[in-house]
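*Asks:*
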Amino acid sequence: MSLRIGFGVDFHQLVEGRELWIGGVKLKHHKGALGHSDADVLLHAICDAMLGAACLGDIGVHFPDTSTEFKNIDSKILLKKTFEFITDANYKIVNIDTALCLELPKIKPYIPEMQKIISEILNIKISDVSIKATTTEKMGFIGREEGLAAYATILLENIN
Ligand SMILES: [Zn+2]
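If you're matching positions, the sequence shown starts at 0 in numbering that gives the first Met the number 0 and goes up one per residue.
Structure below.
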């Protein structure tokens, strides 16, 4: 059995006048994430982890932010496309572990819905998608609520 680990990280600014999409879920908050797409920091980190594990480059290579095709795109579509890349390369997902880092809003109530959405797109069990959340204890740009970050690790199995 051939296993490969992948890691992804993503950051976005938090600004007034944008929707806040995290893990495929729209959160209630007075600020949203700034980006070319819907700026879903968690789904982007997972995409990068998947691409990294398969050594297929990164999200910017496949979905350039200069392309009008991806302007304001739902990141669930990017996640689905990325899943197709790794499926085509004969990988299946063993499990995903993630950590969100932001001050507000509180993520915990949204985690089950995020897990459900992600597991359905990636055809894995809900228990194969771990989502954790933390703050920076008010320190730095995340502590000042100027931005948020997501980290993701993934294990892929080659099914050749
Ligand atoms: Zn992003």
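Quick reminder that beta carbons are idealized off the backbone N, C-alpha and C, glycines included.
Using a Cβ distance threshold of 8 Å, determine whether the stretch 53 to 68 contacts the stretch 77 to 89, with at least three qualifying pairs required.
*Replies:* yes
*Asks:* Is His11 near ligand 1, judged by its Cβ being under 7 Å from some heavy atom?
*Replies:* As a working mapping, residue 11 is identified with position 12 in the sequence shown. True, at least one ligand heavy atom lies under 7 Å from that Cβ.
*Asks:* Buried or exposed for Asp57, going by 16 or more other Cβ atoms inside 10 Å?
*Replies:* Your numbering for residue 57 matches position 58 in the sequence shown. That one is exposed.
*Asks:* Which same chain residues end up closer than 7 Å to His35 when comparing Cβ atoms and leaving out the 5 residues on each side of it in sequence?
*Replies:* In the sequence shown, residue 35 corresponds to position 36, counting from 1. Once the five neighbours on either side are set aside, the close Cβ partners of His35 are Asp64, Phe69, Lys70.
*Asks:* Please return the same chain residues whose Cβ sits closer than 6 Å to the Cβ of His28, not counting the five positions on each side in sequence.
*Replies:* For this step, residue 28 is matched to residue 29 along the sequence shown. So the qualifying residues of the chain are Leu19, Pro104.
*Asks:* Starting from Gly59 and walking both ways along the alpha helix (DSSP H), at which residues does that stretch end?
*Replies:* In the sequence shown, the residue the question calls residue 59 occupies position 60. Here the alpha helix (DSSP H) through Gly59 covers 58 to 61.
*Asks:* Taking Asp96 as the reference, which of Gln12, Ile21, Leu41, Asn89 has the closest Cα?
*Replies:* Working through the sequence shown from its first residue, we reach residue 96 at position 97. Looking at the Cα atoms, Leu41 is the closest of the given residues.
*Asks:* Hey, how far is the Cα of Gly51 from the Cα of Ile85?
*Replies:* Numbered from its first residue, the sequence shown carries residue 51 at position 52. Numbered from its first residue, the sequence shown carries residue 85 at position 86. The alpha-carbon atoms of Gly51 and Ile85 are separated by roughly 10 Å.
*Asks:* Just list the residues that DSSP pairs Arg17 with in beta bridges.
*Replies:* Stepping through the sequence shown from its first residue, residue 17 is reached at position 18. Answer by DSSP bridge pairing: none, since Arg17 is not bridged.
*Asks:* Using the Cα positions of Leu55 and Ile125, report the straight-line distance between them to the nearest angstrom.
*Replies:* In the sequence shown, counting from the first residue as 1, residue 55 sits at position 56. In the sequence shown, counting from the first residue as 1, residue 125 sits at position 126. Using only the alpha carbons, I get a separation of about 25 Å.
*Asks:* Output needed for Arg17: all residues of its chain with C-beta closer than 8 Å, excluding positions within five of it in sequence on either side, in chain order.
*Replies:* Locating residue 17 in the sequence shown gives position 18, where the first residue counts as 1. Counting only Cβ-Cβ distances below 8 Å, and skipping sequence neighbours, we find Lys30, Gly31, Ala32, Leu33, Ala38.
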